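Here's the structure, in structure tokens; my notes come after.
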Amino acid sequence: MQSADAVSARTGQSNRSDPFGETMNDLPERGCYEVLGVPRSADGDAIRRAFRRLARELHPDVSTLPEAEERFRELSVAYSVLSNPRARSLYDRFGYRGRGNGFSSRRRGSTGPASILAEVELDTFDAARGTRREVRYRRREQCVACRGEGVAPGSETVRCETCGGTGRLRVSSGLGIAHWLQVETCPDCTDERAPSKHCPECEGTGNVTEERVVNVRIPPGVEDGTRLRVIGEPQDEHLLVRVRPLPEDARLVLILAAVLLVCAVTLFVYFILKSIGATALG
């Protein structure tokens, strides 16, 4: 298993053409701070500790969760953003809205393995005969207050102090006595002016977490690991059915009950036949 430091080193690489690294092309929609489970005020050490702890839990080589690979990818991207001061500054200014300004995003769940909204646990009897269950799960929705922009309604924009509002920086590069100037995109505003105030409802992420409650019909004969679609949710989001196996003593009780039932039926038939025979002889 790779160490947290090895993963962060790989995901945090950058180059001159893209100062934020290739991992920024998959900015997690539910928010970098939420993925790492840290507040927006967390310092570098707290972010690093959170990443190492979650990396050990979610690494695909260790975790048994079906969505471990997707969550580990999100974790790596979130850490690469928040551990890079320039990338974090951009993210704090624009939130998820910055995905078009040095960040880009793939709609969560649009490709790759199906995501699991929640798990439904059943015993063997309910799984065999079918049942209904009330299921609660949480999901990310677009913030209604800011319409997904992450900016407080009526908030004004402020001029970027790094580039003076031009969106470009002149960077001197060279080797030995040879020097030249390069024009690069400003890492703090990326051609846009920064909002003076983030949306208070979503803290600038453009998304809020909402709890949903659905009444699900479980069909008879469902097996462990079955995925059920939820009406009204995207096709790649499911409920995962988990069937608890019967303990050994319960199986023995069922076998004994079946044997006793067979014996009882046999005796009943025997006495019926015997009484019929006795009547015929009499």
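Remember, our numbering sits 138 above the position in the sequence shown when you count from 1. We put the CB at the ideal spot given by N, CA and C, even for glycine. Because the structure is a prediction, the values reported are computed rather than measured.
It is roughly 14 Å from the alpha-carbon of E279 to the alpha-carbon of E341. Secondary structure at V282: coil, using DSSP grouped into helix, strand and coil.
Between the beta-carbon of N345 and that of C281 there is about 6 Å, and that keeps the pair under the 8 Å contact cut.
With respect to the 7 Å criterion, C170 and L220 are classified as neighbours on the basis of their beta carbons.
Burial state of Y229 is buried, judged by a 10 Å Cβ sphere holding 16 or more other Cβ atoms.
Beta-bridge partners of L398 (DSSP): none assigned.
Nearest in C-alpha terms to D264, of all of L390, R382, A396, is R382. One alpha carbon belongs to L390, the other to E208, and they sit about 42 Å apart.
DSSP, read as helix, strand or coil, puts V391 in helix.
G268 sits exposed, since fewer than 16 C-beta atoms from the chains shown fall within 10 Å of its C-beta. Annotation: the continuous beta strand (DSSP E) that includes L377 extends over 375-382. L378 is a Cβ neighbour of R365, given a cutoff of 7 Å. Counting the other Cβ atoms within 10 Å of the Cβ of V258 gives 16 or more, which makes it buried.
For A256, the enclosing beta strand (DSSP E) covers residues 253-261. Only residues of its own chain outside the window of five on either side were considered, and among them V258, V354, I356 have a CB closer than 7 Å to the CB of R271, listed in chain order. Contact check for T347 against R276 passes: the beta carbons are separated by less than 7 Å. Residue nearest to H336 within the set H197, A290, L213, A395 is A290 (criterion: CA-CA distance). Within the region 158-234, no run of beta strand (DSSP E) at least 3 residues long lies entirely inside it. Checking the DSSP bridge columns, you'll see Y275 partnered with R350. Judged by DSSP in its simplified three-state form, V360 adopts coil rather than helix or strand. Put simply, the backbone Cα of F210 is about 12 Å away from that of R191. The DSSP-derived three-state label of V368 is coil.
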